[in-house]
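Chemist: Chains as they are written, first to last, in my numbering: chain U, 1 to 323; chain Y, 1001 to 1323; chain C, 2001 to 2323. Cβ atoms here follow ideal geometry from the backbone N, Cα and C, with glycine treated the same way. The structure's right below; bear with me while I get my questions together.
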Amino acid sequence: MLRQSPQKINGNFKGKDIISFDQFSTRDIKNIFSLVPKMRKIALLAKPSKILAGKIIVLLFYEPSSRTFGSFSTAIKQLGGQTVEIHNPQEFSSVAKGETFEDTIRVFEAYSDAIVIRHPQKGTASNAAAVAKFVPIINAGDGTGEHPTQALLDLYTIYEKHEKLDNLVGVLAGDMLNGRTVHSLIRGLSLFKKNTLYLLSPKQLKLSKSDFEDFTKRAIKLVEIEKETDIPKNAHFWYWTRVQKERFKKLKEYEKVKNSFIVTQKLLKKYGNPNLILMHPLPRIYEIEKEVDSDPRAIYLKTEIRNGLYVRMALLKLTLGII
Amino acid sequence: MLRQSPQKINGNFKGKDIISFDQFSTRDIKNIFSLVPKMRKIALLAKPSKILAGKIIVLLFYEPSSRTFGSFSTAIKQLGGQTVEIHNPQEFSSVAKGETFEDTIRVFEAYSDAIVIRHPQKGTASNAAAVAKFVPIINAGDGTGEHPTQALLDLYTIYEKHEKLDNLVGVLAGDMLNGRTVHSLIRGLSLFKKNTLYLLSPKQLKLSKSDFEDFTKRAIKLVEIEKETDIPKNAHFWYWTRVQKERFKKLKEYEKVKNSFIVTQKLLKKYGNPNLILMHPLPRIYEIEKEVDSDPRAIYLKTEIRNGLYVRMALLKLTLGII
Amino acid sequence: MLRQSPQKINGNFKGKDIISFDQFSTRDIKNIFSLVPKMRKIALLAKPSKILAGKIIVLLFYEPSSRTFGSFSTAIKQLGGQTVEIHNPQEFSSVAKGETFEDTIRVFEAYSDAIVIRHPQKGTASNAAAVAKFVPIINAGDGTGEHPTQALLDLYTIYEKHEKLDNLVGVLAGDMLNGRTVHSLIRGLSLFKKNTLYLLSPKQLKLSKSDFEDFTKRAIKLVEIEKETDIPKNAHFWYWTRVQKERFKKLKEYEKVKNSFIVTQKLLKKYGNPNLILMHPLPRIYEIEKEVDSDPRAIYLKTEIRNGLYVRMALLKLTLGII
């Protein structure tokens, strides 16, 4: 669509690009969330929906991502739309011959009703949106940039459990320095009131100074902690991410902290409460022990994934739906 | 689904994993076969079926297989279902980062109504089934393990022609030692009565001792032969497979036998009868001469492939169909 | 279908292979074009068409081509058909094991209602058609051979603007020696009356002697020109293609001509007229400057691409449509 930077949604999603979480007001977020129960119903129904009937949506994936690809492909098909799936266009002859990114986008917008784009480079989705004249662009992750539907599904998962997005206490654990999903979640929760987040990470992986300053200007309380004994017992959710060994200069320092950043039954018993939910953006490697999977509070492998599907369906309905 | 080893079907396919041919009783096999005429009709009709309406089935292919992939993709679409197609997930970022096979399966089951899995490693489909809690797993070939729908289509092709699966005489030719499809066919026919199979192969490629012992305990008569002059003239079917040169230690031995294991018009004329069918699991390289393709008994390039489609449609209907 | 060389259409497309532009008479071309408005309407409608309902069409792409792939995939889905998409079958196990091209075609025709084939090697589509016994083959480009739907969309784009295909003046610029699309367009326009084409190219990239002789036997007037000052001001269309530096033996000669073969606002102002259209088969690299994109006469990035979609839809309807 013709525009300079991603437009604010302001209650009207129809035909707009979805590039950044910053486009959403709290009301927009609530709008999306209010559609989730209906989307879940559609996904479980045998009868396909007609919400995207006759719509062709290009999935333009410059890097493989089975999870996000599968989720968008499923969401579109559950709504009765169809996909044209392009994997790794950069290896295709036209691009190899030197076709610009801009021309590639304009080619695919000529075929389709929308383009869902995934790209390893920050800013690409926004560039695509600046080029596309006729159809909306939906950002499915642009490198270290944004992945707005991931942020939405994380927020929704908390909302679904606790029926609110304010007055929450959360623990974010792992890599605060580089974690894109962690940053999005902080930004998301700061739109609402009186939330407190405990950021559990080794020194080396604390928020960068600039991120810390940026976030503390917002309406959110951040408490940086370094030891598991600092975990508050009244948390509504734990959001766990991976601490990578290779981020440490000294192996000894890694050895010292590594066990504080692995969720075990013991850790859950000691610091958790019956009401919390244990989240993870996935892929999970070793930072949550397998024995924890069967705990009813562990919702990363089923509820979160399905919420990702429903939230994407809701967003597609609002942006492209004909009914 | 929650289970330890593949469940017996026992007349009820609904929601069950399809991992191994051993899950089927003769009655289950007949159930599948009885649906084939209806499936053929659906495939030829212009109106899409609603048997899988609203269903999303993930095709999770860890190795490429155009034939099996195409057949399952077509079967699902002919029944009105939709596919989410994932090629080579092991190259995708999540798996590359170290995500376990188990987590990958649980991610895809959260999106879908079933997972059709193809994997180069034996036992993988069964592992997937042990992990998947909510949707059935269908084995589309796990290396040297099983490929139950291939076995079904071979049996059906014989059944369609001869209207019975007992009192048959068959010739299985080529590599008895390593041939997965040959082993499945022997196992399949041993479920029925009074079948005799002549196993034509060079010495080096005879059944292993353990396979021979296993098979001869079953209700089937096996006759190992080494020369084309031993081919019985009353065979109901020839099931030809490839003899690979590289399996021989001495080239001379290969040279001695190689011509006995190629189907020519001459061979068909000398040892065949008007009523037999010439089958091949494909790909066929040189072991059936091209001139034979036009013989009406040569059914590998059309009838067998289409039967594979119909048998898969029937199995999907029984396992997942809503009507 | 059983046949030796591509059959003339002669007013009846149903079930025929589409291999070469030479199969079409002017009446056949007009038939296709007369359907385009209806196809456009279908593409814009929310309700999916039923013209290809229940049809499965295999897209068998031996080389990647995002543009043609996307166009055919979209065309089929807009008409209510379904695709089975096979990328790079040559890397798949069956073909890697030595399966012949002929067997691959026969496997896929057993699943499908038609095969759209793309292959880097000239003559492959025709070979596929000679093998396929039951379903039509549609050529989506066979190397330096043909790409009949590209030729159709170029002709249609001119026809749509000028409402005729005779008495036209056109400028074809760039590489006349190697340009497949240029040759097709000359051949296409020579089916109609009193067309004049100015072929603007550096000496090194003029038509080959044999092509020139072939074309001048046809009912078309060709004028070879070498300088932009020779561009006629009354052209109905400019059809621009790329001049590749590496085609020149002497860099100096390239330097001398290169600026004559780049479309700029200035060039358009000096030699263009308000009524012409500026076409390009894409990908466009640098031979049309970006500033030209916003000129209303520049139709390569939207109108041509969409016409490609509509023309393919029309052809599929005529060849395979059930209504």
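Report yes or no: do the segment 80-93 of chain U and the segment 48-68 of chain U share at least 3 C-beta pairs separated by less than 8 Å?
Modeler: Yes: the two stretches touch, three or more of their Cβ pairs being nearer than 8 Å.
Chemist: Looking at L1044 of chain Y: is its Cβ nearer than 9 Å to the Cβ of K1317 of chain Y?
Modeler: Numbered from 1 along the second sequence, position 44 holds the residue referred to as residue 1044 of chain Y. Numbered from 1 along the second sequence, position 317 holds the residue referred to as residue 1317 of chain Y. Cβ distance not < 9 Å, so L1044 of chain Y and K1317 of chain Y don't count as in contact.
Chemist: Give me, in chain order, the residues of the same chain whose beta-carbon lies closer than 6 Å to that of E2291 of chain C; leave out the 5 immediate sequence neighbours on both sides.
Modeler: Position 291 of the third sequence holds residue 2291 of chain C. The residues are Q2265.
Chemist: Using a Cβ distance threshold of 8 Å, determine whether the segment 1158-1176 of chain Y contacts the segment 1130-1145 of chain Y, with at least three qualifying pairs required.
Modeler: These segments do not touch.
Chemist: For E1976 of chain C and L2172 of chain C, I'd like the C-alpha separation in whole angstroms.
Modeler: There is simply no residue 1976 of chain C to check, as chain C begins at 2001 and stops at 2323 in what is shown.
Chemist: Can you give the Cα-Cα distance for R1306 of chain Y and S1112 of chain Y, rounded to whole angstroms?
Modeler: For the purposes of this step, residue 1306 of chain Y is taken as residue 306 along the second sequence, with counting starting at 1. For the purposes of this step, residue 1112 of chain Y is taken as residue 112 along the second sequence, with counting starting at 1. Approximately 26 Å, taken between the alpha carbons.
Chemist: Please identify, using Cβ separations under 7 Å, the residues of the segment 69-93 of chain U that lie next to chain C, in order along the chain.
Modeler: Result list: Q82, V84, I86, P89, E91, F92, S93.
Chemist: Closest by CA to V1095 of chain Y, which one among U:S65, U:T319, U:F101?
Modeler: Sequence index remark: in the second sequence, residue 1095 of chain Y carries index 95 (1-based). Answer by Cα proximity: U:S65.
Chemist: Does the segment 2193-2209 of chain C touch the segment 2267-2287 of chain C, meaning 3 or more C-beta pairs lie closer than 8 Å?
Modeler: No: fewer than three Cβ pairs fall under 8 Å.
Chemist: What do you reckon, are the CB atoms on G2015 of chain C and T2303 of chain C nearer than 9 Å?
Modeler: In the third sequence, residue 2015 of chain C corresponds to position 15, counting from 1. In the third sequence, residue 2303 of chain C corresponds to position 303, counting from 1. No. Outside cutoff.
Chemist: Could you tell me if I323 of chain U is buried or exposed, where buried requires 16 or more neighbouring beta carbons within 10 angstroms of its beta carbon?
Modeler: Within the first sequence, residue 323 of chain U is the residue found at index 323, counting from 1. The residue is exposed, with fewer than 16 neighbouring Cβ atoms inside 10 Å.
Chemist: Going by beta-carbon coordinates alone, are E287 of chain U and V257 of chain U separated by less than 9 Å?
Modeler: One-based indexing of the first sequence puts residue 287 of chain U at position 287. One-based indexing of the first sequence puts residue 257 of chain U at position 257. Not in contact: E287 of chain U and V257 of chain U (Cβ atoms no closer than 9 Å).
Chemist: From this set, C:D2154, C:F2101, C:I2105, which residue's C-alpha is nearest Y2239 of chain C's C-alpha?
Modeler: For this step, residue 2239 of chain C is matched to residue 239 along the third sequence. Closest by alpha carbon: C:D2154.
Chemist: M313 of chain U by DSSP, collapsed to three states: which one?
Modeler: The residue labelled residue 313 of chain U in the question sits at position 313 within the first sequence. The answer is helix: DSSP assigns M313 of chain U an H, G or I state.
Chemist: Measure the C-alpha to C-alpha separation of I1117 of chain Y and I1019 of chain Y and round it to an integer number of angstroms.
Modeler: What you label residue 1117 of chain Y is simply residue 117 of the second sequence in a count that begins at 1. What you label residue 1019 of chain Y is simply residue 19 of the second sequence in a count that begins at 1. One C-alpha to the other measures close to 10 Å.
Chemist: Could you give the DSSP three-state label for M1 of chain U: helix, strand or coil?
Modeler: To locate residue 1 of chain U, count along the first sequence from 1; it is residue 1. Low per-residue confidence applies at M1 of chain U: pLDDT is 44, beneath 50, and the placement is therefore not dependable, though the value from the model is reported in the following sentence. Three-state DSSP puts M1 of chain U in coil, outside helix and strand.
Chemist: So which residues of chain C does R27 of chain U contact, with C-beta pairs closer than 7 Å?
Modeler: Reading the first sequence from its first residue, position 27 is the one you call residue 27 of chain U. The premise fails here: R27 of chain U is roughly 28 Å from chain C at the closest Cβ pair, so nothing lies under 7 Å.
Chemist: Please confirm if S112 of chain U has its CB atom under 9 Å from at least one CB of chain C.
Modeler: Taking the first residue of the first sequence as 1, we reach residue 112 of chain U at position 112. S112 of chain U counts as touching chain C.
Chemist: From the DSSP output, read off the bridge partner residues of L1318 of chain Y.
Modeler: In the second sequence, residue 1318 of chain Y corresponds to position 318, counting from 1. Beta-bridge pairing links L1318 of chain Y to no other residue.
Chemist: With distances taken between CB atoms, is the gap from I2334 of chain C to D2017 of chain C smaller than 9 Å?
Modeler: Chain C is shown from 2001 up to 2323; residue 2334 of chain C falls before or after that span and cannot be answered.
Chemist: Quick check on V2021 of chain C: does DSSP put it in helix, strand or coil?
Modeler: The residue labelled residue 2021 of chain C in the question sits at position 21 within the third sequence. This sequence places Phe at residue 2021 of chain C; Val is not what is there. Of the three classes helix, strand and coil, the one that applies to F2021 of chain C here is helix, per DSSP.
Chemist: Which whole-angstrom value is the C-beta distance of A2128 of chain C and I2115 of chain C, which I expect to be below 8 Å?
Modeler: Position 128 of the third sequence holds residue 2128 of chain C. Position 115 of the third sequence holds residue 2115 of chain C. At roughly 7 Å, the Cβ-Cβ gap stays under 8 Å, so A2128 of chain C and I2115 of chain C are in contact.
Chemist: Have a look at P2006 of chain C and R1106 of chain Y and give me their C-alpha separation to the nearest angstrom.
Modeler: Residue numbering aside, residue 2006 of chain C sits at position 6 when the third sequence is read from its first letter. Residue numbering aside, residue 1106 of chain Y sits at position 106 when the second sequence is read from its first letter. Answer to the nearest angstrom: the Cα atoms are 50 Å apart.
Chemist: Would you mind stating whether Q2121 of chain C and D2103 of chain C have Cβ atoms separated by less than 9 Å?
Modeler: Working through the third sequence from its first residue, we reach residue 2121 of chain C at position 121. Working through the third sequence from its first residue, we reach residue 2103 of chain C at position 103. Taking 9 Å as the Cβ cut-off, Q2121 of chain C and D2103 of chain C do not qualify as a contacting pair.
Chemist: Since L2197 of chain C sits in a beta bridge, which residues does DSSP pair it with?
Modeler: Taking the first residue of the third sequence as position 1, residue 2197 of chain C is located at position 197. BP columns for L2197 of chain C point to C:G2170, C:L2222.
Chemist: Determine whether the Cβ of K302 of chain U lies closer than 9 Å to any Cβ atom of chain C.
Modeler: Start at 1 with the first residue of the first sequence, and residue 302 of chain U comes out as number 302. No, its Cβ sits nowhere closer than 9 Å to a Cβ of chain C.
Chemist: On the premise that L2152 of chain C lies in contact with I2032 of chain C, defined as a C-beta separation below 8 Å, what is that separation, rounded to the nearest angstrom?
Modeler: As a working mapping, residue 2032 of chain C is identified with position 32 in the third sequence. As a working mapping, residue 2152 of chain C is identified with position 152 in the third sequence. Confirmed, Cβ separation roughly 6 Å.
Chemist: At a CB-CB cut-off below 9 Å, which residues of chain U make contact with R1997 of chain C?
Modeler: Missing from the structure shown is residue 1997 of chain C; chain C here goes from 2001 to 2323 and no further.
Chemist: Taking DSSP's pairing of strands, which residues face Y2239 of chain C in a bridge?
Modeler: For the purposes of this step, residue 2239 of chain C is identified with residue 239 of the third sequence, where counting begins at 1. Y2239 of chain C is bridged to C:L2172, C:M2279.
Chemist: Establish whether the CB of K2055 of chain C and some CB of chain B are separated by less than 9 Å.
Modeler: You won't find chain B in this structure, because its protein chains are U, Y and C.
Chemist: Roughly how many angstroms separate the alpha carbons of D293 of chain U and T1026 of chain Y, rounded to a whole number?
Modeler: Here residue 293 of chain U refers to the residue found at position 293 when the first sequence is read from its first residue. Here residue 1026 of chain Y refers to the residue found at position 26 when the second sequence is read from its first residue. Their Cα atoms are separated by approximately 39 Å.
Chemist: Looking only at its chain, what residues have a beta carbon closer than 8 Å to the beta carbon of I9 of chain U, apart from the 5 residues adjacent to it on each side?
Modeler: For this step, residue 9 of chain U is matched to residue 9 along the first sequence. Counting only Cβ-Cβ distances below 8 Å, and skipping sequence neighbours, we find K16, Q23, F24, S25, D28.
Chemist: In this structure, does DSSP put Q1090 of chain Y in helix, strand or coil?
Modeler: The sequence position of residue 1090 of chain Y within the second sequence is 90, counting from 1. It is helical.
Chemist: So L177 of chain U packs on N195 of chain U, CB below 8 Å; how close in whole Å?
Modeler: Walking along the first sequence from the start, residue 177 of chain U turns up at place 177. Walking along the first sequence from the start, residue 195 of chain U turns up at place 195. That pair is no contact at about 21 Å.
Chemist: Give me the residue from Y:V1311, Y:P1283, Y:S1184, Y:F1013 with the minimum Cα distance to Q2090 of chain C.
Modeler: Indexing the third sequence from 1 puts residue 2090 of chain C at position 90. The shortest Cα separation from Q2090 of chain C among Y:V1311, Y:P1283, Y:S1184, Y:F1013 belongs to Y:P1283.
Chemist: Run through DSSP, which three-state label would G141 of chain U get?
Modeler: If you number the first sequence from 1, residue 141 of chain U lands on position 141. In this structure, G141 of chain U counts as strand in the three-state DSSP scheme.
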